[in-house]
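Input: a single structure, listed below in structure tokens.
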Amino acid sequence: MVCESNNKSYLKSQNLKIIGGSTLRGEVKISGAKNSALVLLAGSLLTDEKIILDNVPLLTDIEKMCKILKNLGVKLTTNDHQLTIDSTHVSIKELPYELVHGLRASFFCIGPLLSRFGEASIPLPGGCNIGKRPINEHINGLKALGADILIEKEIVKARILKKGSRLNGSNIKLNCPSVGATETLIMAACLAKGRTVIENAAREPEIQDLCQMLNKMGAKIYDSGKEKIIIDGVQKLHGCSHKVIPDRIEAGTFLIAAAATSSSISVSPVIPSHLEALLNKLEESGSKVLIKGNSISIKGKKIKAVDVETAPFPGFPTDLQAPFTALMTVAKGRSKISETIFENRMNHVEHLNQMGSSILVKNNVAYIEGVNELRGETLVGSDLRSAAALIIAALISKTTSHIYGLEHLDRGYENFEVKLSNMGVEIIREITEKNNSDSNYKSSVIKEKISTGVNAA
Ligand code: UD1
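Just remember that our numbering sits 522 ahead of the position in the sequence shown, which is counted from 1.
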């Protein structure tokens, strides 16, 4: 089972041909945060008034979330990176299995639907390539708010038993600081009766972005970004305009790419405090980092090996673990990268080793012996961030690579290769005659440059 929808299968026959060995230069504009935009779209279901979202990244994940909202009857109007969302007429029906399985984040709709309409019916999102990804924290929290929840034939059926009444505020302590569960429960609690306190809440910037938008809509959420979030339920929420925060993971990926290729670039706009854990590790591993307002410049130098352990925010993000592992493959010395959030997020290692790195994985820890160089290969990224890691490895290597798995990459990076190309990388999106189900086949390339822009509506 994978996290992306099958209807993007044409992307499986595309690859990025990357001529390795070049350095990056110049500035790269960072798009809006995927993980913010996804939950903000779900949050827009909480009102029957219009929400205008700016800085929405054009990504296939966003396109899928829009499809889900449309399926519920929401009217969406797009204008470049601006989305107008009108949830006046929403019909409560079971979300189709294919749509939910196409995008795990679609499960976030359960909170707003339940609290605004008193019912929601959403198929279980299931696991994906990086782990089992249970939803017990979402379910337990919703139950604590008074929801009646039944899981029948893989469908989560949630409702408020007494017709016309609201959820009830409650004290909830999460067993783990789940980003998704924190978001689901905040959205559900906004329209609940009374006060909800969420303890051991996740503190990711995307949650703070959600709370900012909800407060603009009239919600009463205090202390987002802290471990204990307090929400005083209100009767109704109204429309607002909101700008999605910059994508810290996209920015981090480019900074790592620059460090890996001894390059000097700057990324903006960013909120530097969102990237602190990564910036510390980049400096520790030899790069020079300069923060100026909403821009970060990096000068890649000789790479030193450093150890990294992923952790919930403000710790080192699991979403940058694979790209950072690619950087450490050519560091001087030994490094240790520990993945603590997801149980199966080391899929990139085998591929990096095919490119000449020396990595051993044991119990979700990658032990890396730095090598002098990598060689180009034809490989398939198996999830969003592993595809990014392979592209960084391809930039490092002195020869040519073909990286497949763009159906994953395009979920989370807007025009990735265009941005790299603008920074001087020789990179082109190619389409091949077969798809990539056999990663070892020799591709027969149709010479055509393909645009990656997707219409989010
Ligand atoms: C979000 C991000 C994802 C990021 C992850 C961790 C979105 C759309 N995705 O995913 O990019 O990698 O946060 O920063 O925002 N868990 C449970 N029970 C639950 C929920 C989670 O045990 O009910 C566990 C998961 O299995 C995992 C850990 O908690 O091991 C973190 O998951 P969570 O924070 O929920 O990740 P997502 O919200 O799915």
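Quick reminder that beta carbons are idealized off the backbone N, C-alpha and C, glycines included. For clarity, every value in this text was computed on a predicted model and none was experimentally measured.
Just the C-alpha distance for residue i and residue j, rounded to the nearest angstrom, thanks.
i      : j      : result
Ile890 : Thr775 : 19 Å
Ile813 : Ile820 : 9 Å
Ile818 : Leu797 : 10 Å
Lys854 : Val828 : 9 Å
Asn722 : Ile743 : 16 Å
Ile652 : Arg867 : 5 Å
Leu605 : Lys597 : 10 Å
Ile793 : Arg725 : 15 Å
Ala773 : Val887 : 25 Å
Ala669 : Lys750 : 22 Å
Gln980 : Ile778 : In the structure as shown, the chain starts at 523 and stops at 979, and residue 980 therefore has no counterpart that could be examined.
Val883 : Asn869 : 10 Å
Cys631 : Pro839 : 24 Å
Gly595 : Leu689 : 23 Å
Thr718 : Ala844 : 36 Å
Leu917 : Ser943 : 11 Å
Pro768 : Pro656 : 28 Å
Arg951 : Lys941 : 12 Å
Gly747 : Lys556 : 18 Å
Ser553 : Ile859 : 27 Å
Leu579 : Ala911 : Checking the displayed sequence, the identity of residue 579 turns out to be Pro instead of Leu. Approximately 21 Å between the Cα atoms of the pair.
Gly822 : Lys810 : 7 Å
Glu805 : Val893 : 20 Å
Ile720 : Glu641 : 22 Å
Gly624 : Gly837 : 29 Å
Short of 6 Å in beta carbon distance, which residues of its chain neighbour residue i, apart from the five on each side in sequence? Order them along the chain.
i      : result
His930 : Gly903, Asp905, Leu906, Ala909
Lys679 : Ser643, Leu672
Phe639 : Ile614
Thr922 : Ile541, Gly898
Glu704 : Reading off the sequence, residue 704 comes out as Thr, not Glu. Taken in chain order, the residues that qualify are Ala723, Ala724, Ile729.
Lys824 : Gly808
Ile913 : Ile925
Val947 : Ser544
Would you decide whether residue i is buried or exposed? Buried here means 16 or more other CB atoms lie within 10 Å of its CB.
i      : result
Asp731 : buried
Gly933 : One point to set straight first is that residue 933 is Arg, not Gly, in the sequence displayed. By the 10 Å Cβ count, Arg933 comes out buried.
Lys685 : exposed
Glu936 : buried
Cys712 : buried
Cys733 : buried
Gly755 : buried
Gly815 : exposed
Asp602 : exposed
His611 : exposed
Cys698 : exposed
Asn577 : buried
Glu676 : exposed
Asn885 : exposed
Leu683 : exposed
Arg856 : exposed
Ser795 : exposed
Glu872 : exposed
Thr599 : exposed
Glu674 : exposed
Ser609 : buried
Ser919 : buried
Lys687 : In the sequence on display, residue 687 carries Ser and not Lys. By the 10 Å Cβ count, Ser687 comes out exposed.
At least one CB of chain C closer than 9 Å to the CB of residue i: is that the case?
i      : result
Ser637 : Absent here is chain C; the protein component of the structure consists of one chain.
Sorted by chain position, which residues of the same chain lie with C-beta nearer than 8 Å to residue i's C-beta, five sequence neighbours on each side aside?
i      : result
Gly740 : Val756, Lys758, Leu759, His760
Lys665 : Ile671
Leu736 : Gly565, Leu568, Ile708, Met709, Cys712, Ile743, Leu759
Ala627 : Asn557, Leu560, Val561, Ala564, Asp583, Met587, Gly702
Ile881 : Thr847, Thr851, Val871, Leu874, Asn875, Ala888, Tyr889, Ile890, Glu891
Thr706 : Phe629, Phe630, Ile632, Gly633, His660, Gly663, Leu664
Once you ignore the five residues that flank residue i on each side, which residues in its own chain have a CB closer than 7 Å to its CB?
i      : result
Gly945 : Per the sequence presented here, residue 945 reads as Met, with Gly not at that position. Only Leu546, Arg547, Gly548, Val550, Ile787 meet the Cβ criterion.
Asp841 : Ile771, Arg907
Tyr619 : Pro645
Gly716 : Asn690, Gly691, Gly755
Ala710 : Gly633, Leu636, Ser637, Leu664, Leu667, Leu689
Ser700 : Glu659, Ala724
Glu616 : Ser643, Ile677
Leu533 : Leu928, Glu929, Asp932
* To do: Say whether the stretch 537–544 touches the stretch 898–917, bearing in mind that this needs 3 or more beta-carbon pairs closer than 8 Å, one atom from each stretch.
  => Yes: the two stretches touch, three or more of their Cβ pairs being nearer than 8 Å.
* On the three-pair Cβ rule with 8 Å, is the stretch 750–767 touching the stretch 572–586? -> Yes: at least three Cβ pairs fall under 8 Å.
* Asked: Do the stretch 829–847 and the stretch 863–872 meet, that is, are 3 or more Cβ pairs less than 8 Å apart?
  -> Taking 8 Å as the limit for Cβ pairs, the verdict is that the stretch 863–872 does touch the stretch 829–847.
* Asked: Is the number of C-beta pairs between the stretch 783–802 and the stretch 582–589 that are closer than 8 Å three or more?
  -> No contact exists between the stretch 783–802 and the stretch 582–589.
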